[in-house]
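So the structure is just underneath, and the comments pick up after that.
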Amino acid sequence: MNFTDTAWKVFNQSIEDYHVLDSVETRVNNPFETDSLERILYAKNWIDTVQWHLEDIIRDENIDPVEALQLKRTIDSSNQKRTDLVEFIDSWFLDKYKNITPKSDAKINTETPAWAVDRLSILALKVYHMSLEANRESASEEHRINCQAKLDVLLAQKEDLSTSIIQLLTDIENGDVKMKVYKQMKMYNDESLNPILYQKEQK
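Going letter by letter, the sequence shown gives residues 46 to 248 in my numbering.
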């Protein structure tokens, strides 16, 4: 089983596990061994899955404003954890390929392996939920047909993205692409960088 097949399998296990209780309050129970790649991928998708449902909840037009503000802060915190974990996955790849010397004409990819994996994790969620809609008995036939067409596109994207990730990893292994990582430098949660936060502290 190649890397993307493994990742897709782990992502879907995380999604299925979450939907046993289908609650954003559910605590993660990661079934994989400590320090294994599967454990990291499961943790990544669990964050994405919980955030997916938080984003659904906050869009309720009747939500209490105080609850919405609390949810927004929870989503901000989740986004930071997601970014940190993506960067951790890139660190895992950097360590994996640390002994590979890039060729003199090696290219730099616009996207790191981990950020491509991030997109694959989100795509797994899209496929899961679009499949539910395409098969929802309470929906109209037109709705199901439209959702099936969208699902077909998502599944094609999954194949293309999986292939692209494998090609990128192969190019890194062969020295054709230089493994280079830049931190995201998120500013909005940093009290020293967000003017709203640091100006408040100065008052």
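Ideal Cβ positions, reconstructed from N, Cα and C, are used throughout, including at glycine.
Cβ shell of Pro147 (< 7 Å), same chain only, five flanking positions each side left out
Gly220 and Lys223
Fully enclosed by the region 73 to 113, which alpha helix (DSSP H) runs are 4 residues long or longer?
For the region 73 to 113, whole alpha helix (DSSP H) runs of length 4 or above, ordered along the chain, are 82 to 103.
Determine the direct distance from the alpha carbon of Asp67 to that of Ser81, and round the result to whole angstroms.
For Ser81 and Asp67, the distance between alpha carbons rounds to 26 Å.
At a cut of 8 Å, does the region 51 to 68 reach the region 83 to 95 through at least three beta carbon pairs?
yes
Cutting at 7 Å between CB atoms, please list the residues of its own chain near Ala113, excluding the five before and the five after it.
Ile103
At a cut of 8 Å, does the region 191 to 198 reach the region 169 to 180 through at least three beta carbon pairs?
Taking a contact to require three or more Cβ pairs closer than 8 Å, the region 191 to 198 and the region 169 to 180 qualify as touching.
For Ile153, write down the residues that DSSP places opposite it in a beta bridge.
In DSSP, Ile153 forms a bridge with Lys223.
Taking contact to mean 3 or more Cβ pairs, one atom from each stretch, closer than 8 Å, check whether the region 201 to 216 and the region 117 to 124 are in contact.
no
Considering Cα atoms alone, identify which of Glu106, Asn57 and Asp140 is closest to Glu218.
Asp140
So which of Glu156, Leu168, Ala159 and Glu83 has the shortest CA-CA distance to Val198?
Leu168
Alpha helix (DSSP H) segment containing Asp50, residue limits:
For Asp50, the enclosing alpha helix (DSSP H) begins and ends at Phe48 to Leu66.
Close beta carbons around Lys152, own chain, < 8 Å, minus the five adjacent residues each side
Asp216, Asp221, Val222 and Lys223
If you reduce the DSSP assignment to three classes, tell me which class Ser176 lands in.
Looking at Ser176 - three-state DSSP - the assignment turns out to be helix.
What is the rounded straight-line gap between the Cα of Ser209 and the Cα of Asp109?
43 Å
In whole angstroms, what is the alpha-carbon distance linking Val55 and Phe48?
CA-CA distance, Val55 to Phe48, rounds to 11 Å.
Start and end residues, alpha helix (DSSP H) containing Ser207
Glu186 to Glu218
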